[in-house]
Amino acid sequence: ASRVVTTAVKYAIFTVDGWLDGRWDNKGTYVFYLDLVTDLLHLFVYLVFFLIIFAYYGLPVHLVRDLYMTFRNFRRRVNEFIRYRRVTANLNERFPDSTPEELAAGDDVCIICREDMVAMAVGGMRPKKP
141 ASRVVTTAVK YAIFTVDGWL DGRWDNKGTY VFYLDLVTDL LHLFVYLVFF LIIFAYYGLP
201 VHLVRDLYMT FRNFRRRVNE FIRYRRVTAN LNERFPDSTP EELAAGDDVC IICREDMVAM
261 AVGGMRPKKP
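Sequential numbering from 141 applies to the sequence shown in this note's numbering.
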């Protein structure tokens, strides 16, 4: 049932992104947190089920693999999150904002989306798409 709910929420997220013409910057963050919470829920359910079976019937060897795989997936997602936070923590210091002179002197085409960039008028000089 949790996979169905997760899939429905992901569908809703991608639908909203479609309405915004693919310009929803936080979509990846929401999908990541949704996957993280889903893995945590699976780990909790497997652990509770494992403990109930263990208390009444002994060691359920057939559930050990599922519990381990769920724990491994959750740990992998947490490690990915920690690496993501480390990389993005000092992104603004590592890549300073562009000035209008730098944009005029160089190529003002975005290397990713191939659209022209302009410097922001207020609040900094970060290149933005018009």
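All C-beta atoms in this analysis are idealised placements derived from N, C-alpha and C, irrespective of residue type, glycine included.
Everything numeric in this text was worked out from a predicted model, so none of it was measured.
Bridge-paired residues (DSSP) for V149
Numbered from 1 along the sequence shown, position 9 holds the residue referred to as residue 149. The partner list for V149 (beta bridge, DSSP) is empty, contrary to what the question assumes.
By DSSP's criteria, V249 is part of a beta bridge. Which residues make up the other side?
For the purposes of this step, residue 249 is identified with residue 109 of the sequence shown, where counting begins at 1. Note: V249 sits in a beta bridge opposite D256.
Pick from D179, D165 and V156: whose alpha carbon is nearest that of R143?
Your numbering for residue 143 matches position 3 in the sequence shown. Comparing Cα positions, the closest option is D179.
Residue of V227, Y224 and F214 minimising C-alpha distance to L176:
In the sequence shown, counting from the first residue as 1, residue 176 sits at position 36. Restricting attention to V227, Y224 and F214, the CA atom closest to the CA of L176 is found in F214.
So, with DSSP's three-state summary, where would you put R212?
The sequence position of residue 212 within the sequence shown is 72, counting from 1. Secondary structure of R212 (DSSP, three-state): helix.
Beta-carbon separation of F190 and P200 under 8 Å?
Here residue 190 refers to the residue found at position 50 when the sequence shown is read from its first residue. Here residue 200 refers to the residue found at position 60 when the sequence shown is read from its first residue. Yes, Cβ-Cβ distance for F190 and P200 is below 8 Å.
Mind checking H182: buried by the 16 CB within 10 Å criterion, or exposed?
Position 42 of the sequence shown, counting from 1, holds the residue named residue 182. Classification of H182: buried, given that the 10 Å Cβ count is 16 or more.
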